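Numbering (UniProt numbering), first residue to last: 1 to 235.
Below you can see the structure in the form of structure tokens.
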């Protein structure tokens, strides 16, 4: 049973400017409450106990707004970054706040109607949740066979191009020296900025990651226009 999660919340929100000049993107309001609060409520409903949030751009605002998670019966820990470390670097730095067991990862700049089942097969190190390709990302990220739940980085028979939702389950065992060196050709150091995507693609190539179609409503809240559209939808 997965009981811990990490929310990536350290981005600068450049595409969301001018809204993010004074407010970090996860604290922008969606239907009257901060985007990240929607995540926290869903995590609490899934019986998650510990939530790590990485912070950087205007990061001091997040602990002030969210506290230590008491109102959601969560234990919130913060991993402060002097400069944004991207998803891979942020996760690597936050490892000391997490137990050495599988966790849920979720991007702080998406909105979803619910969280999927938190079930990572024993023979996999990652499970990626996929959505149909939105207009702003028509080519997708991975090729997915829904009948076998297999993922590929290359097109193939019975596989459909789909977009990574920013929601995943990850076993920290994939962050060993061997897996990291295989994905990045050199070992990333703690405090170094790097994306998680090459590691995920490496796990896919090794058949150590599978996929699952996300069956709820999902929005990449990446621009003021999409934020306005989401608020209109929820209204």
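Cβ atoms here follow ideal geometry from the backbone N, Cα and C, with glycine treated the same way. Bear in mind the structure is a predicted one, so any value in this text is a computation, not a measurement.
Pair within 9 Å by beta-carbon distance, residue i and residue j
i           : j           : result
residue 43  : residue 34  : no
residue 81  : residue 93  : yes
residue 104 : residue 53  : no
residue 83  : residue 9   : no
residue 198 : residue 89  : no
residue 225 : residue 30  : no
residue 2   : residue 102 : yes
residue 166 : residue 16  : no
residue 11  : residue 108 : yes
residue 212 : residue 128 : yes
residue 14  : residue 23  : no
residue 195 : residue 95  : no
residue 85  : residue 36  : no
residue 4   : residue 99  : yes
residue 79  : residue 50  : no
residue 69  : residue 40  : yes
residue 114 : residue 216 : yes
residue 150 : residue 161 : no
residue 106 : residue 220 : no
residue 214 : residue 116 : yes
residue 170 : residue 120 : yes
Boundaries (first-last residue) of the alpha helix (DSSP H) holding residue i
i           : result
residue 107 : That residue, residue 107, is in no alpha helix (DSSP H); its beta strand (DSSP E) goes 103 to 107.
residue 228 : 224 to 234
residue 63  : 61 to 66
Paired residues, beta bridge with residue i - DSSP
i           : result
residue 130 : 164 and 213
residue 221 : Answer by DSSP bridge pairing: none, since residue 221 is not bridged.
residue 30  : 33
Host beta strand (DSSP E) of residue i (start-end)
i          : result
residue 5  : 4 to 8
residue 37 : Segment 35 to 45 is the alpha helix (DSSP H) holding residue 37; no beta strand (DSSP E) there.
residue 54 : 50 to 55
Whole-angstrom C-beta distance between residue j and residue i, which should lie under 8 Å
i           : j           : result
residue 124 : residue 210 : 5 Å
residue 174 : residue 130 : No, residue 174 and residue 130 are not in contact; Cβ-Cβ is about 19 Å, not under 8 Å.
residue 142 : residue 153 : 7 Å
residue 126 : residue 168 : 6 Å
residue 91  : residue 46  : Not confirmed; about 20 Å, so no contact.
Runs of alpha helix (DSSP H) wholly within the segment 132 to 200 (minimum 4 residues, chain order) = Considered as a whole, the segment 132 to 200 harbours 177 to 184 as its complete alpha helix (DSSP H) runs of no fewer than 4 residues, in chain order.
Jot down the residue ranges of each uninterrupted beta strand (DSSP E) in the segment 68 to 100, minimum 3 residues, whole runs only, in chain order.
-> Taken in chain order, the complete beta strand (DSSP E) segments of 3 residues or longer contained in the segment 68 to 100 are 75 to 80.
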